[in-house]
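I have placed the structure first, in the form of structure tokens, so that the comments after it can refer back to it.
Protein chains: 2
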Amino acid sequence: MRYVIKLSYDGTDFCGWQHQPNGNSVQDALENAIERLFGERARAVGSGRTDAGVHALAQVAHFDCEKVLPFERVVGGLNAYLPRTVRVSEARATTDGFDARKSAKRKTYMYLMYRGAPLPVFNDRALCVGNAFDTDAANTALNAVVGTHDFATFKAAGSNAKTSVRTVYDAHVEDDGAIIKFFITADGFLYNMVRIIAAQTLKIARGERVDLAALIAAADRTRAKDTAPACALYLYGVEY
Amino acid sequence: MRYVIKLSYDGTDFCGWQHQPNGNSVQDALENAIERLFGERARAVGSGRTDAGVHALAQVAHFDCEKVLPFERVVGGLNAYLPRTVRVSEARATTDGFDARKSAKRKTYMYLMYRGAPLPVFNDRALCVGNAFDTDAANTALNAVVGTHDFATFKAAGSNAKTSVRTVYDAHVEDDGAIIKFFITADGFLYNMVRIIAAQTLKIARGERVDLAALIAAADRTRAKDTAPACALYLYGVEY
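If you read the protein sequences in the order shown, they are chains A and B. Start counting the first sequence at 3; every next residue gets the next number (this note's numbering). Start counting the second sequence at 3; every next residue gets the next number (this note's numbering).
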């Protein structure tokens with residue numbers, strides 16, 4: 003039986019979503035909980051990897067187990083065996099045709115920032131941007147990112163994607179004066195793509211002149227070397 | 003010279019503001035940083051105590067040191083010696099007549115809640131209230147708290163306040179659909195008063211019939227035994 007679950011995690015103390023030989027991954031935590039609940043070892047396939055320190059408000063994963071359990075029992079049972087930094091909110095059955103990674107049509111990430119002085123309750127959770135942040139400038143510039151482009155400029159080394167062409171459906175900043183949220187939705191993201199675009203967006207919002215269209219056209223990572231810190235990045239949602 | 007500083011802290015790993023024989027207090031952390039920066043031991047007097055796990059977005063404290071340092075140097079120097087869970091944002095000189103505790107005219111606390119499924123990034127920082135939270139009911143009920151009353155019902159044992167009469171200037175809930183903030187401003191608060199009122203407000207918002215005016219009139223703590231968790235409470239601001 004193929005189960006699909008929705009889960010949320012605080013990425014601070016994880017080496018990321020994916021299993022690492024010497025790391026504490028969300029995937030390992032989840033697979034250990036599945037084994038304890040179902041009495042079977044299963045591979046948990048996520049909608050995509052998140053890096054060390056990156057959080058998820060709504061990650062989606064699937065796994066196959068022989069045993070059939072009621073869905074409420076799957077939610078409660080996994081949560082009983084998971085560390086409190088990972089919570090499952092939904093579970094249901096799906097068909098073999100569904101693959102949490104391959105079937106994903108759109109993903110949305112949020113990059114969380116805040117104005118003013120550093121607030122320790124936001125440590126490991128959001129980026130303090132002081133007071134000089136021009137949201138209108140950021141939003142105007144981000145129009146250049148929307149559409150189907152070769153995003154090679156915004157791809158970190160280590161990516162094994164076959165193509166660096168992606169379609170960005172939306173990229174915008176919401177700002178309530180205190181909290182600033184950068185949202186980006188695409189059919190998929192290259193390695194570190196959101197954090198590299200976030201770094202350029204930060205520069206623009208701080209008054210630096212950056213031509214995102216020219217950066218994209220260059221298809222050259224050396225033109226956009228900065229990567230915004232992982233701890234302010236959230237996997238916000240996955241659409242199928 | 004009397005210095006007054008504004009500071010913020012993540013209360014999770016502290017035993018509270020005040021020094022405890024076997025605890026890690028914010029006051030100790032601050033006094034240790036003052037000693038390292040100024041080369042003098044000084045008592046840091048806060049606007050009030052916060053309990054273990056309670057956060058501060060804007061605590062105010064004063065201390066006396068012989069050495070005169072530029073204010074930017076006080077901010078930067080204290081932050082260099084403080085753990086990252088405590089950040090000083092402002093420092094200035096004040097007169098001997100100013101006392102961070104006694105001179106405080108109004109204090110505001112915020113109780114932070116959120117709708118929906120538990121999100122681990124909010125662990126130790128906010129209370130998950132699920133989906134049944136009636137903000138209008140809470141706001142209507144909270145009118146009974148505003149004004150000058152004997153708040154003995156909302157005073158935990160261990161309080162050594164001379165009188166339990168306090169003036170509440172404002173008590174209301176703000177709700178954006180996802181994040182719910184309960185704000186309360188008063189000339190002072192009894193021990194656990196905010197958390198006890200927050201617990202009753204939660205009951206009301208969840209549909210329980212609670213008469214706050216009758217509870218206040220009873221002047222009897224046994225009528226309001228619940229105390230909302232500390233980790234969702236923030237000292238939000240102090241006015242002088």
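Just so it is clear, CB atoms sit at the ideal spot from N, CA and C, and this is done for glycine as well.
query                                                                                                                                                                     : result
Using a Cβ cut-off of 7 Å, pull out every chain B residue sitting near S91 (chain A), in sequence order please.                                                           : A119
Roughly how many angstroms separate the alpha carbons of R94 (chain B) and I7 (chain A), rounded to a whole number?                                                       : 53 Å
Give the residues of chain B in contact with T87 (chain A), contact being defined as C-beta atoms less than 8 Å apart.                                                    : P122 and N125
Residues of the segment 64-83 of chain A with a CB closer than 8 Å to any CB of chain E: list them in chain order, please.                                                : No chain E is present in this structure, whose protein chains are A and B.
Should the segment 211-230 of chain A be regarded as contacting the segment 48-63 of chain B, the criterion being three or more beta carbon pairs within less than 8 Å?   : no
I want to verify the contact list: residues of chain B whose CB lies under 9 Å from the CB of L59 (chain A), in sequence order.                                           : L121 and V123
Between the segment 217-224 of chain B and the segment 82-94 of chain B, do three or more beta carbon pairs fall short of 8 Å?                                            : no
Using alpha carbons as the reference points, say which of A:V28, A:S10 and A:L9 lies closest to G18 (chain A).                                                            : A:V28
Output needed for N26 (chain B): all residues of its chain with C-beta closer than 8 Å, excluding positions within five of it in sequence on either side, in chain order. : D15, F16 and C17
When the cut-off is 8 Å and only beta carbons count, does D12 (chain B) lie next to chain A?                                                                              : yes
Going by other Cβ atoms of all chains shown within 10 Å of its Cβ, with 16 needed for buried, is R45 (chain B) buried or exposed?                                         : exposed
Since F184 (chain A) and A200 (chain A) should fall inside the 8 Å C-beta cutoff, what is the C-beta to C-beta distance between them, to a whole number of angstroms?     : 6 Å
Is the segment 63-80 of chain A close to the segment 157-177 of chain A, with three or more CB pairs under 8 Å?                                                           : no
Determine the direct distance from the alpha carbon of F135 (chain B) to that of C130 (chain A), and round the result to whole angstroms.                                 : 31 Å
Which word fits G107 (chain B), buried or exposed, when buried means at least 16 other C-beta atoms lie within 10 angstroms of its C-beta?                                : The sequence shown places Lys at residue 107 (chain B), rather than the Gly named in the question. The residue is exposed, with fewer than 16 neighbouring Cβ atoms inside 10 Å.
In whole angstroms, what is the alpha-carbon distance linking Y113 (chain A) and A234 (chain A)?                                                                          : 6 Å
Can you tell me the Cα-Cα spacing of D20 (chain A) and V90 (chain A), whole angstroms?                                                                                    : Reading off the sequence, residue 20 (chain A) comes out as Gln, not Asp. For Q20 (chain A) and V90 (chain A), the distance between alpha carbons rounds to 17 Å.
Can you name, in chain order, every residue of its own chain whose Cβ lies under 8 Å from the Cβ of V47 (chain A), other than the five neighbours on each side?           : A63, H64, F65, D101, A102 and R103
Cutting at 6 Å between CB atoms, please list the residues of its own chain near E176 (chain A), excluding the five before and the five after it.                          : K183
How far does the alpha helix (DSSP H) with G79 (chain A) in it reach, from first residue to last?                                                                         : F73 to Y83
Flag this pair as yes or no: are the beta carbons of N125 (chain A) and D12 (chain B) separated by less than 8 Å?                                                         : yes
On the three-state DSSP scale, how would you describe L121 (chain A)?                                                                                                     : coil
Expressed to the nearest angstrom, what Euclidean distance is found between the alpha-carbon atoms of N24 (chain A) and C67 (chain A)?                                    : 26 Å
Find the nearest neighbour of L9 (chain B) within the set A:L39, A:K69 and A:P122, judged by alpha-carbon distance.                                                       : A:P122
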